[in-house]
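Participant:
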Amino acid sequence: MSEMDKATVWAVFQNMRLFCLLEYLRDLDQALVRSRSDEQIRQYLHELLDADPAIVLDYQ
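Here our numbering runs 1032 ahead of the position in the sequence shown, where the first position is 1.
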């Protein structure tokens, strides 16, 4: 196996984090019964994913 540079490792890590977040959101969406906190988290995650990236990242 070849050696990877730090940027590649970081990119893979970031993609894995995004993938885990999307899996978690999918599980929340598919849950038949949700607690109040699960529903609130689900709503916030959908808002985050639908938001303008410039607003989320606080670019001016």
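Where is the CB? At the ideal position from N, CA and C, for every residue including glycine.
According to DSSP, is MET1033 helix, strand or coil?
Facilitator: Low local confidence applies: a pLDDT of 48 at MET1033 is under 50, so the model's placement there is unreliable, and no value is given.
Participant: Leaving out five residues before and five after ASP1061 in sequence, what residues of the same chain have Cβ atoms less than 8 Å from its Cβ?
Facilitator: Counting only Cβ-Cβ distances below 8 Å, and skipping sequence neighbours, we find ARG1074.
Participant: Which value, in whole angstroms, describes the spacing of the CA atoms of ALA1086 and GLU1079?
Facilitator: Each residue's alpha carbon lies about 14 Å from the other.
Participant: Looking at the secondary structure, which residues open and close the alpha helix (DSSP H) in which ARG1049 lies?
Facilitator: Residues 1038-1062.
Participant: Could you check what DSSP says for TYR988 in three-state terms: helix, strand or coil?
Facilitator: The displayed coordinates of the chain run from 1033 to 1092. Any statement about residue 988 would go beyond what the structure contains.
Participant: For LEU1057 versus LEU1077, is the C-beta spacing smaller than 7 Å?
Facilitator: Their beta carbons are under 7 Å apart, which means LEU1057 touches LEU1077 by this criterion.
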